[in-house]
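S.K.: Residue numbers (the numbering used here), protein chains in the order written: chain A, 44 to 498; chain B, 44 to 498. For every residue, glycine included, the Cβ atom is placed at its ideal position computed from N, Cα and C.
This is the structure we're talking about:
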């Protein structure tokens, strides 16, 4: 039998033509979003002022199993997809493991991550509805960059509220977004009521993702030709990101493989949610029984140490309530944490699957994460994003277990993106200055105490 | 007939198994390198202390048409090659041109450019010869990153002399190289005689590529288990980079295409030299008659305004003399120039071909270059390196000529890499602060006056 190539690509014609909605195959559905004022389930129409209509429908739809990907989105996908399924031969050799390690690499596009898969869909539906512009927030900048690219492609305006401290520390991310025509505003700003109120209270604040979300929503609510967008957590995002897993499954079928375990990093859950979807379908329907492993940072351990409870999706408490694993929307991860995965909660879909026992989770300290990243960079020649390196760490652990047991398991993990914009963190690690942080139970308690009281 | 895909990939098995040596098909060979002390042609043995033996042979060999790519290098190539041949449909649409625009994109690897093709070969031959380490210099950092990756892969030490001003301005590039295990020294340094002499004369100097080359060579000469490497200009580099054109030609054959014109940016000539090689073979042997266009910066116009003369390859005047188009090795491009392409000379092979009328050249101001880069980024969703954007500008001009004439010509250009590490320049352009600089004849005269006197 021919050796499996380093990179398995589908052709552009083989790109899946439909997204897969994992909710359709879940016996127990995620609990509904609640209106925080009434604590009643949100109605579709209540979301229309925030998201464009088709995205509201996708957000609320627990039943439709497959959604046709619009032709225009498919054309955009063809410009940077299919992404390669990589066989990490050199990593296997370095570990001396009988395991077969595969990763689905989503970093070969200018946004540097998988975020473009959802951005493209959201920009398309907004354009189709006749909207003129979108707003969003960005922290590290990957989501903002992806949405800026998609808005340039589909011809929409975009205003990005960028957390002020990131705006100051990552001027290059700002410049990339501006090159794509987006308007970038450091948050908090004087362009919104919520921003002005925060600035009046603390003129020197570096901002937060929660505040940026609140500003982006406020602006979109004031202009009926504008809507808000979010790049993770939401059900619609997991739907769009299902393209990752669908492609992976087809590519693995081509080379006669199927994963024994699927591993992903989790912040809001957009990558693992997308990567795992079609394999989880096999598990939910009894066709196969792969394992699923979420790897989160020890500094922000929503799955391994959080509560499964109703909570706001933003720190500003302006969104509907979602049932998810959460550290409380007031939880702020340690400033020492490098890269993304800083979200207080996790996708309600992933949370429900974890709660129901379909998925495992571990939390890792960041020195171990960067050790894994460095090994991967040197052996596999791809510099991973710190987020991705959590998944790499998980894959290494599983591969080393195989070395112990002698089992030739097939491991698939999500290589979400590249680390070009995270070199400050790599430099810290290279210089031995990176510190680990694990919150104590006392550190976590205030976030839990502030959870909204539901029932 | 099926629509040509956005991206044409060869399979890993279809990667060419041989490099092509264009010198074998040149009726008039490039003039030989001279020993600057004797003005006699360099002998093979005189190069052995500088480069490893096989690379010396390749450097001097005007006759061998094809070189087998070593199996170990092919395995490394398979990790990031074949690179995609991209059909720029959206750019064609934006220009409303009947021209068909293709580009060969070399940026989808962590070094972000084509430089890895030569770095891999050089690291392999050094390892095979039993050497322990390599030295090199780097300015913008692309070459240093590529060589750091290759040395990590083949298990060699690497010391990179990085121009001090770049070391200070581009700390992220340094961190990437360190992640791959390389030692980075800002140049001039106190680790070499030449460095100490320069520092004694001017302790605050920001350094220059010429000085970094001199330091890297000095260090390699003192250690017989170490050799020096250079990522452009050399004949061996064009040999290794021929993989770009060989892949392009095979991919174009697959989709029934052949370029009417091949366009590339030129600094030292490594990308255009590699992209054009197998198409130039067709022209040299009378099989086809494509045009070739070099696009250089107006601020460093070695082809369009330089002399065809013997000159040093470095500012420090430590190398053999090469016959090439040059602005004089003492020429320092304006500090306003963004990105690479700052070299005073050009590959002797490309210089000879240009001198003999096989190639055309234009020089472009940098605001026009960034205008082209921005259009390309928005329509084709790839953020190009400023170097690449010179080639994009050339392609746009040719495509607009086709719009005038109604001709559906096939254009192929080299998209050398990504612009992630050049966002300062993009920011300048976005803010309207980028300035153009065209040296006057008086500006150029001192460089010409200082050319070595040969005959």
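For chain A, check one thing: does any of its Cβ atoms lie closer than 9 Å to the Cβ of residue 44 of chain B?
M.R.: With a pLDDT of 44 at residue 44 of chain B, under the threshold of 50, the modelled position of this residue cannot be trusted; read the value that follows with caution. It does not: the Cβ of residue 44 of chain B has no partner Cβ on chain A nearer than 9 Å.
S.K.: For residue 308 of chain A, tell me which candidate among A:385, A:326, A:237 has the shortest Cα-Cα distance.
M.R.: A:385
S.K.: Taking Cβ-Cβ distances shorter than 7 Å, what residues in chain A pair up with residue 221 of chain B?
M.R.: Here the neighbours are 473.
S.K.: With which residues is residue 230 of chain A paired in a DSSP beta bridge?
M.R.: Answer is A:206, bridged to residue 230 of chain A.
S.K.: Rounded to whole angstroms, what's the CA-CA distance from residue 373 of chain A to residue 480 of chain A? Just pull it up for me.
M.R.: 18 Å
S.K.: Got a sec: is the Cβ-Cβ distance from residue 330 of chain A to anything in chain B below 9 Å?
M.R.: no
S.K.: So, does the CB of residue 426 of chain B fall closer than 9 Å to a CB anywhere in chain A?
M.R.: yes
S.K.: From the DSSP output, in three-state form, read off residue 110 of chain B for me.
M.R.: strand
S.K.: Under 9 Å, Cβ to Cβ, is there at least one residue of chain B near residue 187 of chain A?
M.R.: no
S.K.: Would you say residue 78 of chain B reaches chain A, if we count a Cβ-Cβ gap shorter than 9 Å as a contact?
M.R.: Taking Cβ atoms only, chain A never reaches closer than 9 Å to residue 78 of chain B, which makes this a no.
S.K.: Does any residue of chain E have a CB that is nearer than 9 Å to the CB of residue 278 of chain B?
M.R.: No chain E appears in this structure, whose protein chains are A and B.
S.K.: Run through the segment 397-465 of chain B for me and flag every whole beta strand (DSSP E) of 3 or more residues, listed as ranges in chain order.
M.R.: 403-407, 453-458
S.K.: In whole angstroms, give me the CA-to-CA distance for residue 155 of chain B and residue 380 of chain A.
M.R.: 27 Å
S.K.: Given this structure, state the Cα-to-Cα distance separating residue 100 of chain B from residue 168 of chain B, to the nearest angstrom.
M.R.: 12 Å
S.K.: Quick one: which chain B residues come within Cβ less than 9 Å of residue 368 of chain A?
M.R.: Residues of chain B whose Cβ lies closer than 9 Å to the Cβ of residue 368 of chain A do not exist; the shortest such Cβ separation is about 33 Å.
S.K.: Taking residue 215 of chain A as the query, report the chain B residues whose CB atoms sit under 7 Å from its CB, ordered along the chain.
M.R.: 466
S.K.: Do the CB positions of residue 196 of chain A and residue 265 of chain B come within less than 9 Å of each other?
M.R.: no
S.K.: Kindly list the residues whose CB is nearer than 7 Å to the CB of residue 289 of chain A, restricted to its own chain and excluding five residues on each side of it in sequence; keep chain order.
M.R.: 59, 63, 321
S.K.: In chain order, what are the residue ranges of uninterrupted beta strand (DSSP E) at least 3 long that sit wholly in the segment 104-181 of chain A?
M.R.: Whole beta strand (DSSP E) segments, 3+ residues: 109-111, 128-130, 143-148, 176-181.
S.K.: Do you know how far the Cα of residue 111 of chain A is from the Cα of residue 420 of chain B?
M.R.: 28 Å
S.K.: Enumerate in chain order the residues of its own chain whose CB-to-CB distance from residue 44 of chain B is below 7 Å, with the five nearest sequence positions on each side excluded.
M.R.: Any reading at residue 44 of chain B must be qualified, since the residue scores a pLDDT of 44, below 50, and its modelled position is unreliable; the value itself is stated next. Same-chain partners within the cutoff: there are none.
S.K.: On the CB-based measure, 16 or more other CB atoms within 10 Å of its CB, does residue 61 of chain B come out buried or exposed?
M.R.: So residue 61 of chain B counts as exposed.
S.K.: Mind checking if residue 483 of chain A is an interface residue toward chain B, Cβ cutoff 9 Å exclusive?
M.R.: no
S.K.: Note down, in chain order, each residue of its chain lying with its Cβ closer than 6 Å to the Cβ of residue 238 of chain A, except the 5 sequence neighbours on either side.
M.R.: 231, 232, 258
S.K.: Going by beta carbon distance, what residues of the same chain come within less than 6 Å of residue 472 of chain A, once the five residues before and after it are set aside?
M.R.: 413
S.K.: Give every residue of the same chain whose Cβ lies closer than 7 Å to the Cβ of residue 398 of chain A, excluding the five residues on either side of it in the sequence, and list them in chain order.
M.R.: 351
S.K.: List, in chain order, every chain B residue whose beta-carbon is nearer than 8 Å to that of residue 417 of chain A.
M.R.: The contacting residues are 222.
S.K.: Taking beta-carbon pairs under 9 Å, can you tell me which members of the segment 95-112 of chain A lie near chain B?
M.R.: Per Cβ criterion, the list is empty.
S.K.: Given residue 312 of chain A, which residues of its chain have a CB within under 6 Å of its CB, disregarding the five upstream and five downstream residues?
M.R.: 389, 390, 393
S.K.: DSSP state of residue 58 of chain B, grouped into three classes?
M.R.: coil
S.K.: Measuring straight from C-alpha to C-alpha, what distance separates residue 157 of chain A and residue 151 of chain A?
M.R.: 9 Å
S.K.: Just how far apart, CA to CA, sit residue 173 of chain B and residue 270 of chain B?
M.R.: C-alpha of residue 173 of chain B to C-alpha of residue 270 of chain B: approximately 11 Å in a straight line.
S.K.: Assuming residue 459 of chain B and residue 332 of chain B form a contact by the criterion Cβ under 8 Å, report the distance between their Cβ atoms to the nearest whole angstrom.
M.R.: Not confirmed; about 25 Å, so no contact.
S.K.: Please say whether residue 137 of chain A and residue 445 of chain A have beta carbons closer to each other than 9 Å?
M.R.: The answer is no: Cβ separation not under 9 Å.
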